[in-house]
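A.B. asks:
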Amino acid sequence: MKNNTITMTVNNEIHTLPIKPGETLAALLRERLHLTGTKIGCEEAECGACTVLVNDEPVLSCIYPAGRADGKTIVTIEGLAKYVDHVMKLHPLQEAFVEHGAVQCGFCIPGQIMTAFALLKRNPNPSQDELRDALKDTLCRCAGYPMIEKAILAAAHTLRTGDPLPLPEIYESIHKRKLVGRKHLRPDAVDKVTGKAIFTDDLQFDNMLYGKVRRAMVPHAILKKLDISKAKAVEGVLAVLTAEDIPGEQNHGVIISDWPALIGIDQQVRYVGDAIAIIAAETPEIAAYAARLIEAEFEPLPVISSPVQAMEEGQPQLHEKGNLLKHIKVRKGDVLKGFEEADQVFDHTFHTQITDHAFMEPECSIAVPTQEGRMEVYVGSQIPYEDRRQIARVMGWEESRVRVIGQKMGGGFGGKEDIAGQIHAVLLANVTGRPVKLLYDRHESLIAHPKRHATQIRVRIGVKNNGRITAAETELFGDTGAYASLGEKVMERATTHSAGPYDIPHVRNDCFAVYTNNPPAGAFRGFGVTQSAFAIESMMDMIAHQLGMDPVELRRMNILHLGSVTNTGQALVESVGLTECLEKLDAEMRKTNPEPFKACIDPEEPNLVRAWGIGCAYKNTGLGGGAPDFANADIELFDDGKVEIRSSSAELGQGLVAVMQMIVSEELSILPENVRVLVMDTDLSPDGGPTTASRQTYITGNACRFAAQTLRQNIVNFLSKKFEVEPQKITLKDGFAYFENKKLSFNEIAKQMKALGEEPRVLYKYEAPETQPLGTGGSMHFAYSYSVQAAEVEVNKLTGEVRVLKVISANDLGMAINPLGLQGQIEGGVMMGLGHCLTEEFIVEDGHVISDQLARYRIPGIKLTPEITSIIIEHPTADGPYGAKGVGEISSIPTTPAITNAIFHAVGVRIDKTPVDQEQILKAMGNQLD
Amino acid sequence: MYQWQEYRQPKSLAEAIEDLSNAPVPAVPIAGGTDLLLDMRQGRHSNVHTLIDLTNIPEMNTIEIQGESLFIGACVSINRIINDPLVQRNAQALIEACDLIAGPQVRNIATLGGNVAHALPAADGTIALLALSATANVAFPGGVRTMQFQELFLGPGKTSIDKQTELIVGFSIPLAKPGQASAFKRIMRPQGVALPILNCAVWVEREGNRINASRIAVGPGGPRPFRATKAENSISGQYFNDDNISKATEVLLEQGSFRTSPRRATSEYRKSILPGLFQGTFKKAWSRAVVE
Ligand SMILES: Cc1cc2nc3c(=O)[nH]c(=O)nc-3n(C[C@H](O)[C@H](O)[C@H](O)COP(=O)(O)OP(=O)(O)OC[C@H]3O[C@@H](n4cnc5c(N)ncnc54)[C@H](O)[C@@H]3O)c2cc1C
Ligand code: FES
Ligand code: FES
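Chain order of the listed sequences is A and B.
Under my numbering, read the first sequence as residues 1 to 930, first letter to last.
Under my numbering, read the second sequence as residues 1001 to 1292, first letter to last.
Following this line, the structure appears as structure tokens:
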């Protein structure tokens, strides 16, 4: 029987809609009912973001044919909160997610909450195991799994008992002030738990077209012929553009413009994701269909699949200047002398894999032409001003003609620093004069955007018999793929950190960042240091083992401390909390196990062996290396007494907006709810610089702080002049100014200032302390964060399988401005590090991407979450806001070597290649027996 | 352009068979769609004109005792199987297999019939049913016939039923008698493609310390779901001890084809973990089969 309509109840409302071919429930809810709280993270039944309840059961709406929903009752995230007298009352689960800090970027949150909602309906009192089973396939890349778990258990308690929601215990900074350093809820959390938060793909514009990119899908070739006539002839196709249609420069790129927006005839294709044509059509289906009709002919060229191969003689050259993007050198002392002084020399080569950011929200750009002839671009971008520059360049326009309006981002982690669909959407919108949405599906996201550099790292260390290191030499080959992206900077960081956080008199580091035909590699949380930390920290344990030393002791003897000089020649004069991290972590670890590095066999299951391992790391805050590092902040007091702070710095989920809000309310002594934060709009918010290098809390944080302080000063000066009181006698508190017997509210003050022609507004440009370029021997960075992590693993001797049971993470981040956000960064960092070590491998074979679906790129789910203990160390840095340094990256860097070192202690197998391969472990164990 | 043009929801088996033959082609049955829709999206299956939704057909949605057998309809969801007391009592291996498939959202719609009809040699539900000596009921335009479970499979992704006219209605499993029990285990790897490295289902009939009979299935042990008949024979009638189990393990390694699958596992690895997996599964079934 054929049905022509669907009638269903959605969140207590009955809808009857005509049935559409090929429509999923997710598409119906999002596109036709505008219930965009249901998110699409993969469309392959892997991520759980699209979870809704159908007749009380959780299902994935992305693989649920809409026709099947006929006659059924649907509940989406929008249906959970209740309205009592028009006042929204959150469901206890929603409230718990907010209060427990479980919300970060928020993209996965509707799915998490709906899955949990279904669980609690069925099982009001779930155990931890039951909860993890229920949420096992609902992925969170910000990986706040511990907080998600606690939030659900808290909500379950409230739902069962009617008690008020149990609140978490949140760390308070030892340097806390009135607001900063204490628990503060994210201003965007409520929108994110109710499904109201808008991400780019949730936007719709009148008359909007849908874009699609036709990619080369061959790794290395010359494009010989391109026939777009069939695609153009399809009804509903408005434009098909090729390289010839680019009005300005053909290339874009963050640092080096070497990446063609479209490849032209007789030009070189350098990776499978290279675009050869773009299409705009009335529907996404038509656009995709037309893309397939484009006929292309290629002349294949030999494929370069590794940096080592690229540097060999006789290989094809991928760019005009050859295959070498950059040779990076670090020199300190005299390594020859250092090795002569050594009693023993260790030498080993390590390999790390390509990984993908796998942010839960795939890339989306919408370009909207305005009546004044400008172009608005809605996009989740880590560097809005940089997008504007690159778009304008390719369009041949003045930058001011482009307005980038940054949207909420479902995670970035470094993967949204480059251009994705922005330029293509603008090209299509410009030609058609209509808004164009260009949304990547997961497949395209995996193929197209820059990854983490696969790196080969050779480490040579000279050491005295007592454990003191005399020399370190490292040689790195970094695979930067087809285009430069941020490769040069990433590999520079990998190199400068490649001798680890150790005080070594003689150092020599060389790195070759090399082009290949793999997908480009760029920024990724850890910025190269993830790779080099794995190598050097594995080496440290190999040395400790050979010398018969305790791994902690060996590190204690060599780590950076106040007065140390780094291998780039920087004297550390303040804020070096590494020793304290190590000592506190060691004490915590030995509390449960006095012999942590000794293999311990499970008495019940003798195939299971456990042991601990550790890893240390440091990571710069800010760009450094002589790059000017600044952010602007624009602060304004409005007539309603509210203050707005504006900066184009990006909120990718990490919690910058909360930090900005806290700082401004702290400095102006007003309630946080009276501070509005506006970010990422190139028309309205001044340049905040890139959101990278863990720099935003420090740089933009300082910009906000000084802007607020200046505004405060202006207010006081104004009052002092107008009322003839001494400035010292004026106090600002809770949104009022008090002096003599007077009490004046901020809205009064705003009005009075304006009446007298004074603008209650300050634009502040903060410039970070100057740094020196690599090779000059000065201070390359203005601050470093430090971390030590310990992991307890369990290895199955029958299968080689590895499980991480516990992780202790001790981090010196100067000052914990926003402890709740910090917890998410620390726990999420551990999980990302764990993924890098155990589950994630972006497989490319001969330039072809094998990991082109989420099902072939595994990121950790809740079931892999170990028990995470966080130790916060706060050695303030003089110029940081309240002493704060960066935390975004350091929290994930030492996880991998902590795990692999633990594996060695458990079963004696040294992992020198990530990810850990259980098959290799079993084989190596077998070889030990032979 | 669209994955499907028309979505039909027949309410009876007869109507479904009718639709399958007469609806505009290509017409393909869909149960949960967790395999089919992804195959279509990812280019492993071409788009179709008609999808015929089988989830409203009463026969395909029942779990009931029919004589000496437990009948499980093809469209019963994985989740319902896990929670069903009849299945729990009679087919622990199937419960354990289903309890490893995906997360609850997928389990609520994925079906046992789809798992079998997808015809992969290591599908968890399939391997469990194989050890449980299931038979399949297949509906065709003239009626319903019964098939031995193994006869369903021709090769990876290929079943022997006529896709244009036939449907699997459900599976029958002999009811568990005292002394009979089953178990299921599998080994995965955390990275790469989401398929098991190896899985194993064992059914035993125990009498005191003797193995009266056993059935062993391993996936992937060949292009079709693999029954280790030689290993079964080698231990039938034997006493349960390490020696005999080791011998059966050797026979199992001999008979099965444990090959290298790129990016999943090498043959060598499979062979080195199979003994532990098989023996663990066997012991689990064995200890369950004890008569109180
Ligand atoms: C995230 C995820 C994880 C998974 N994990 C596992 C796992 O761990 N182990 C595992 O084994 N599987 C796993 N699967 C695969 C999948 O869920 C199962 O194979 C599922 O049981 C298929 O059932 P379905 O109802 O969805 O089948 P469908 O997709 O609806 O159908 C599959 C095929 O069978 C045909 N078909 C369906 N029903 C019938 C019938 N009654 N008669 C004739 N033909 C029929 C269809 O035409 C189609 O060709 C996973 C899937 C996902 C998405
Ligand atoms: S599971 Fe549906 S979008 Fe990922
Ligand atoms: S909060 Fe879960 S993906 Fe970001």
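For each residue, glycine too, the CB sits at the ideal point set by N, CA and C.
Do you know offhand how far A:PRO819's Cα is from A:GLY144's?
C.D. replies: Working through the first sequence from its first residue, we reach residue 819 of chain A at position 819. Working through the first sequence from its first residue, we reach residue 144 of chain A at position 144. Between the C-alpha atoms of A:PRO819 and A:GLY144 there is a straight-line separation of about 14 Å.
A.B. asks: Is the CB of B:MET1147 under 8 Å away from at least one CB in chain A?
C.D. replies: Numbered from 1 along the second sequence, position 147 holds the residue referred to as residue 1147 of chain B. Cβ-Cβ to chain A under 8 Å: no for B:MET1147.
A.B. asks: Given that a residue counts as buried once 16 or more other Cβ atoms are within 10 Å of its Cβ, and exposed if not, what is A:ASP387?
C.D. replies: For the purposes of this step, residue 387 of chain A is identified with residue 387 of the first sequence, where counting begins at 1. Buried, by the Cβ-count rule.
A.B. asks: Could you spell out where the alpha helix (DSSP H) holding A:TRP397 opens and where it closes?
C.D. replies: As a first step, residue 397 of chain A is located in the first sequence; it is residue number 397 there, counting from the start. Element bounds for A:TRP397: n/a, residue is neither H nor E.
A.B. asks: Measuring only the C-alpha atoms, how far is A:ARG160 from A:ALA151?
C.D. replies: Translated into the one-based positions of the first sequence, residue 160 of chain A becomes position 160. Translated into the one-based positions of the first sequence, residue 151 of chain A becomes position 151. If I take the Cα positions, the gap works out to 14 Å.
A.B. asks: If you pair each beta-carbon of the segment 641–657 of chain A with each one of the segment 914–925 of chain A, do three or more pairs fall below 8 Å?
C.D. replies: no
A.B. asks: Compute the beta-carbon to beta-carbon distance between B:ASP1201 and B:ILE1095, rounded to the nearest angstrom, for a pair I have assumed lies under 8 Å.
C.D. replies: As a working note, residue 1201 of chain B is residue 201 in the second sequence. As a working note, residue 1095 of chain B is residue 95 in the second sequence. According to the sequence displayed, residue 1201 of chain B carries Ala and not Asp. At roughly 11 Å, the Cβ-Cβ gap does not stay under 8 Å, so B:ALA1201 and B:ILE1095 are not in contact.
A.B. asks: Between the segment 60–71 of chain A and the segment 19–36 of chain A, are three or more C-beta pairs nearer than 8 Å?
C.D. replies: yes
A.B. asks: Could you tell me which chain B residues have their CB closer than 9 Å to the CB of A:PRO362, listed as they occur along the chain?
C.D. replies: Taking the first residue of the first sequence as 1, we reach residue 362 of chain A at position 362. For a Cβ distance threshold of 9 Å, nothing in chain B lies close to A:PRO362: the least Cβ distance comes to about 14 Å.
A.B. asks: For A:ASP931, which of helix, strand or coil comes out of DSSP?
C.D. replies: For chain A, the structure presents residues 1 to 930; residue 931 of chain A sits outside this window and is missing.
A.B. asks: Output, in sequence order along the chain, the residues in the segment 263–292 of chain A whose CB is closer than 9 Å to any CB in chain B.
C.D. replies: THR283, GLU285, ILE286, ALA288, TYR289
A.B. asks: What residues from the segment 1247–1268 of chain B come within 8 Å of chain A, judged by C-beta to C-beta, listed N to C?
C.D. replies: ARG1263, ALA1265, THR1266, GLU1268
A.B. asks: Taking a contact to mean a Cβ-Cβ separation below 8 Å, would you say A:ILE148 touches A:GLN112 in this structure?
C.D. replies: Mapped onto the first sequence, residue 148 of chain A falls at position 148. Mapped onto the first sequence, residue 112 of chain A falls at position 112. Yes. Within cutoff.
A.B. asks: Can you give me the C-alpha to C-alpha distance between A:GLY211 and A:CYS364, rounded to a whole angstrom?
C.D. replies: Start at 1 with the first residue of the first sequence, and residue 211 of chain A comes out as number 211. Start at 1 with the first residue of the first sequence, and residue 364 of chain A comes out as number 364. About 10 Å.
A.B. asks: How far does the beta strand (DSSP E) with A:GLU792 in it reach, from first residue to last?
C.D. replies: Reading the first sequence from its first residue, position 792 is the one you call residue 792 of chain A. A:GLU792 -> beta strand (DSSP E) spans 784–796.
A.B. asks: So, does the CB of A:GLU43 fall closer than 8 Å to a CB anywhere in chain B?
C.D. replies: For the purposes of this step, residue 43 of chain A is taken as the residue at position 43 of the first sequence. Yes, its Cβ sits closer than 8 Å to a Cβ of chain B.
A.B. asks: For A:HIS15, does the three-state DSSP call read helix, strand or coil?
C.D. replies: In the first sequence, residue 15 of chain A corresponds to position 15, counting from 1. Three-state result, A:HIS15: strand.
A.B. asks: Name, going along the chain, the residues of the segment 536–563 of chain A whose beta-carbon falls closer than 7 Å to a beta-carbon of chain B.
C.D. replies: none
A.B. asks: Apply the 10 Å Cβ neighbour rule to A:GLN317 and answer buried if 16 or more other Cβ atoms are within range, or exposed otherwise.
C.D. replies: Reading the first sequence from its first residue, position 317 is the one you call residue 317 of chain A. Under a 10 Å Cβ-count criterion, A:GLN317 is classified as exposed, with fewer than 16 other Cβ atoms of the shown protein chains found around its own Cβ.
A.B. asks: Can you say whether A:ASN567 is buried or exposed, counting buried as having 16 or more other CB atoms within 10 angstroms of its CB?
C.D. replies: By one-based count along the first sequence, residue 567 of chain A stands at place 567. With 16 or more other Cβ atoms within 10 Å, it is buried.
A.B. asks: Under 8 Å between the Cβ atoms of A:ILE893 and A:GLY828?
C.D. replies: Stepping through the first sequence from its first residue, residue 893 of chain A is reached at position 893. Stepping through the first sequence from its first residue, residue 828 of chain A is reached at position 828. No, they are not a contact pair.
A.B. asks: I'd like the list of long-range same chain contacts for A:SER745, defined as Cβ closer than 7 Å, with 5 residues on each side in sequence excluded.
C.D. replies: As a position in the first sequence, residue 745 of chain A is number 745, starting the count at 1. Correct list, in chain order: GLY641, GLY735, PHE736.
A.B. asks: For the structure I just gave you, are there three or more beta carbon pairs, one from the segment 298–312 of chain A and one from the segment 218–238 of chain A, closer than 8 Å?
C.D. replies: yes
A.B. asks: What residues from chain A crowd round B:ASP1053, counting only those whose CB sits closer than 8 Å?
C.D. replies: Sequence index remark: in the second sequence, residue 1053 of chain B carries index 53 (1-based). Here the neighbours are PRO65, GLY67, ARG68.
A.B. asks: Just to confirm before moving on: does the CB-CB distance between A:GLY411 and A:GLU361 stay below 8 Å?
C.D. replies: Sequence index remark: in the first sequence, residue 411 of chain A carries index 411 (1-based). Sequence index remark: in the first sequence, residue 361 of chain A carries index 361 (1-based). Cβ atoms of A:GLY411 and A:GLU361: closer than 8 Å.
A.B. asks: At a cut-off of 7 Å, is A:ARG141 close to ligand 3 when judged by its beta-carbon and the heavy atoms of the ligand?
C.D. replies: Within the first sequence, the letter at position 141 stands for residue 141 of chain A. Under cutoff, so the answer is yes.
A.B. asks: Determine whether the Cβ of A:PRO21 lies closer than 8 Å to any Cβ atom of chain B.
C.D. replies: The sequence position of residue 21 of chain A within the first sequence is 21, counting from 1. Judged by the 8 Å Cβ criterion, A:PRO21 is in contact with chain B.
A.B. asks: For A:LYS721, is the classification buried or exposed, using 16 other Cβ atoms within 10 angstroms of its Cβ as the cut-off for buried?
C.D. replies: As a position in the first sequence, residue 721 of chain A is number 721, starting the count at 1. Burial call: exposed.
A.B. asks: For the candidate residues B:GLY1155, B:ILE1057, B:THR1281, B:ILE1109, whose alpha-carbon lies nearest to that of B:PRO1010?
C.D. replies: The residue given as residue 1010 of chain B occupies position 10 in the second sequence. Closest option to B:PRO1010, Cα to Cα, is B:ILE1057.
A.B. asks: Please decide whether A:GLN918 counts as near chain B, where near means a Cβ-Cβ distance under 8 Å.
C.D. replies: Your numbering for residue 918 of chain A matches position 918 in the first sequence. Chain B contact via Cβ: present.
A.B. asks: Grouping DSSP H, G and I as helix and E and B as strand, with all else coil, what is A:HIS34?
C.D. replies: Translated into the one-based positions of the first sequence, residue 34 of chain A becomes position 34. Coil at A:HIS34, not helix or strand.
A.B. asks: For the candidate residues A:ASN11, A:HIS252, A:ILE228, whose alpha-carbon lies nearest to that of A:ILE278?
C.D. replies: Counting from one through the first sequence, the residue named residue 278 of chain A turns up at place 278. Ranking the options by Cα distance to A:ILE278, first place goes to A:ILE228.
A.B. asks: Would the beta-carbon of A:ILE40 be found less than 7 Å away from any heavy atom of ligand 2?
C.D. replies: Taking the first sequence and counting its residues from 1, one reaches residue 40 of chain A at position 40. At least one heavy atom of ligand 2 is nearer than 7 Å to the Cβ of A:ILE40, so yes.
A.B. asks: Could you name the residues of chain B that A:LYS136 contacts, counting a contact when the two beta carbons are closer than 9 Å?
C.D. replies: By one-based count along the first sequence, residue 136 of chain A stands at place 136. What A:LYS136 touches in chain B: ALA1102, GLY1103, PRO1104.
A.B. asks: If you follow the alpha helix (DSSP H) that B:SER1246 is in, where does it begin and where does it stop?
C.D. replies: For this step, residue 1246 of chain B is matched to residue 246 along the second sequence. Unbroken alpha helix (DSSP H) run through B:SER1246: 1242–1255.
A.B. asks: Would A:PHE534 and A:THR896 be called neighbours here (beta carbons separated by less than 8 Å)?
C.D. replies: Residue 534 of chain A sits at position 534 when you count from the first residue of the first sequence. Residue 896 of chain A sits at position 896 when you count from the first residue of the first sequence. Contact: yes.
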